[in-house]
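The next block holds one structure in the form of structure tokens; read it before the comments.
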Amino acid sequence: MEKVELPLDVYNAFENLNRVWNKLGTKEEINLMFMQILFIATDGIPDSMILKKYAIKNPTKYLQSLVNGYTLENYSKVVVQVSHKLDDWMNRTYQGSKEQDRFNFAQELTGFIKEELLNQK
Numbered sequence: 001m002e003k004v005e006l007p008l009d010v011y012n013a014f015e016n017l018n019r020v021w022n023k024l025g026t027k028e029e030i031n032l033m034f035m036q037i038l039f040i041a042t043d044g045i046p047d048s049m050i051l052k053k054y055a056i057k058n059p060t061k062y063l064q065s066l067v068n069g070y071t072l073e074n075y076s077k078v079v080v081q082v083s084h085k086l087d088d089w090m091n092r093t094y095q096g097s098k099e100q101d102r103f104n105f106a107q108e109l110t111g112f113i114k115e116e117l118l119n120q121k
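In UniProt numbering, the protein residues as written are 1 to 121.
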């Protein structure tokens, strides 16, 4: 069985709740909580609301993600990677002029995105 590809917000919600709930019980108990997300979700726990909305809209994928596991969808992976590249660039000291540094980063980022798009075909 293949892992289900999830959008970034749903992936993060599963990861966050797993991290918290792992301290509360066994894997079986946690799965029961995820299966009841429609009833236990609350505005006070935003991740639970994200999963509730996803489960209502995509019930089969939601259940498959519990059974088969999940991964981050390709589009979201690229978004995360671009975000990391941007963070790295913003934390660097300028190599030359501000304008040249921006241009170099734009070239680097454009090359990365182009490569990612070619790899998806």
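Note that the Cβ used here is the ideal one computed from N, Cα and C, for glycine as well.
Predicted model, so just to flag it, every value in this text is computed and none were measured.
query, result
"Can you tell me which of LYS114, LEU63, ASN16 puts its alpha carbon nearest to the alpha carbon of VAL82?", "LYS114"
"Is it buried or exposed for LYS57, if we count other Cβ within 10 angstroms and need 16 for buried?", "exposed"
"Measuring CB to CB, does LEU8 end up less than 8 Å from LEU72?", "yes"
"According to DSSP, is TYR70 helix, strand or coil?", "strand"
"Given 8 Å as the limit, is there contact between the segment 21 to 37 and the segment 95 to 113, that is, 3 or more CB pairs closer than that?", "no"
"Going by Cα to Cα distance, which pick from ASN119, SER48, LEU6, TYR75 is closest to GLU19?", "The sequence given here places Arg at residue 19; Glu does not occur at that position. Nearest option by C-alpha distance: SER48."
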